[in-house]
Structures are given as C-alpha cells and as structure tokens.
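**Q** First residue of the sequence shown: 2, per the numbering used here; consecutive thereafter.
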Amino acid sequence: LGLMPFPYGVSPAEAKYEGTGGTNATLGGWHLSLNPNSEKLAAAVELLQVMTSDEFYLDIFELTGSTPPKPALFESEQAREVDVMNRYLKTLRFQSEHQWVHPINPLWETQSSRIGSEFHACLNREKSPEDAVAAAQEDVEAAERVGV
C-alpha cells in the first residue's frame, strides 16, 4: 500500500484563482441529508448526529479505511492504532486539508471518463501530455455542447 497526494502543475503562488494550484484531493463520500417530510424526523436527526460524530468517523476509518472528513482526527490515538493506514496519517491529513469538490452536474460522469481516458493514454505514452490535455479539453467542450 502506498499513498500520495495528487501532483500539481501550478503552485498556489502561480495559480490564476485564489484557492487553486498546489496539491489537492477530491472531496467525497460524506454526503448526508434528511427528508424534512419524514414521519420519523427525530430518529433521523439522532442518526445523523451519530454519523457525524468523531467516534463514528474514526470507527469507519478503522473498519473500512474510509478517511474522516476532519483533518484533526488523524492526530487521535485511535487513528494512530489503525494498522497499515497509520503509516500514512501525515499524508492523509495533508490531503484532507487540501480538498476540492469536483463539478457536480449531469455531464460530470461523461467528462470525467473522457478526461481519465486521455490521462491514461498519457501515462501509457500513447500521447504526449500536451496532446492528451488538448484532446481532453476538446472532449469536455464537445460534451458540453451536445449535453452528453
């Protein structure tokens, strides 16, 4: 098992927009919501309170390896005791502190698949980085034009 943050092409100082550039990790996996029309709203609220507790986040980390959404939890004794994952707590905390949310829209699945294909072609040296980025840009823009 190994772990590393996403590499970056532009440092935070060189980034065009504040909060961009540098290393990052994709935020995801901790989406919880309630139906306000639920007949058991009190029970649902109680469940959400449990599922957003530090104890729950750390138990899930220990049982499944799913990382907690709170960077400070990586400093806990319980996190330090999670076999294998405890080797990477510093990196996991760094990633947790540098998260970004990927676009959420009807096109994201198609766009991410096309971007991934071009990235894969670059890694396999089937395309240069410049050609892969240009092709990914073209694919994403084409998907936006046709709405697919």
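Note that beta-carbon positions come from the ideal geometry of N, C-alpha and C, so glycine has one too. Note that the structure is a prediction, hence the values are computed from the model and not measured.
In the DSSP assignment, find the alpha helix (DSSP H) that holds Arg126 and state where it starts and stops.
**A** As a position in the sequence shown, residue 126 is number 125, starting the count at 1. Note, Arg126: premise wrong, no alpha helix (DSSP H); not H, not E.
**Q** Can you give me the C-alpha to C-alpha distance between Glu56 and Thr68, rounded to a whole angstrom?
**A** For the purposes of this step, residue 56 is identified with residue 55 of the sequence shown, where counting begins at 1. For the purposes of this step, residue 68 is identified with residue 67 of the sequence shown, where counting begins at 1. So the two alpha carbons sit approximately 13 angstroms from each other.
**Q** Apart from the five residues on each side of it in sequence, which residues of its chain come closer than 8 angstroms, Cβ to Cβ, to Ser129?
**A** In the sequence shown, residue 129 corresponds to position 128, counting from 1. These residues qualify, in order along the chain: Cys123.
**Q** What first and last residue would you give for the alpha helix (DSSP H) that runs through Ala14?
**A** If you number the sequence shown from 1, residue 14 lands on position 13. Ala14 -> no alpha helix (DSSP H), and no H or E assigned at all.
**Q** I need the DSSP call for Thr21, collapsed to helix, strand or coil.
**A** What you label residue 21 is simply residue 20 of the sequence shown in a count that begins at 1. In this structure, Thr21 counts as coil in the three-state DSSP scheme.
**Q** With a CB to CB cut of under 6 angstroms and the five nearest residues on each side skipped, what residues in its chain are close to Ala16?
**A** Residue mapping note: residue 16 aligns to position 15 of the sequence shown, counting from 1. Within the same chain, Ala16 has close Cβ partners Gly22.
**Q** Where do the N-terminal and C-terminal ends of the alpha helix (DSSP H) with Tyr58 fall, by residue?
**A** Here the question's residue 58 lines up with position 57 in the sequence shown. Its alpha helix (DSSP H) spans residues Asp55 to Thr65.
**Q** Looking at the unbroken alpha helix (DSSP H) that takes in Thr92, where does it start and where does it end?
**A** The sequence position of residue 92 within the sequence shown is 91, counting from 1. Looking at the DSSP string, the run of the alpha helix (DSSP H) that includes Thr92 is Leu90 to Glu98.
**Q** Roughly how many whole angstroms lie between the Cα atoms of Glu19 and Pro13?
**A** Translated into the one-based positions of the sequence shown, residue 19 becomes position 18. Translated into the one-based positions of the sequence shown, residue 13 becomes position 12. Straight-line Cα distance between these residues: approximately 8 angstroms.
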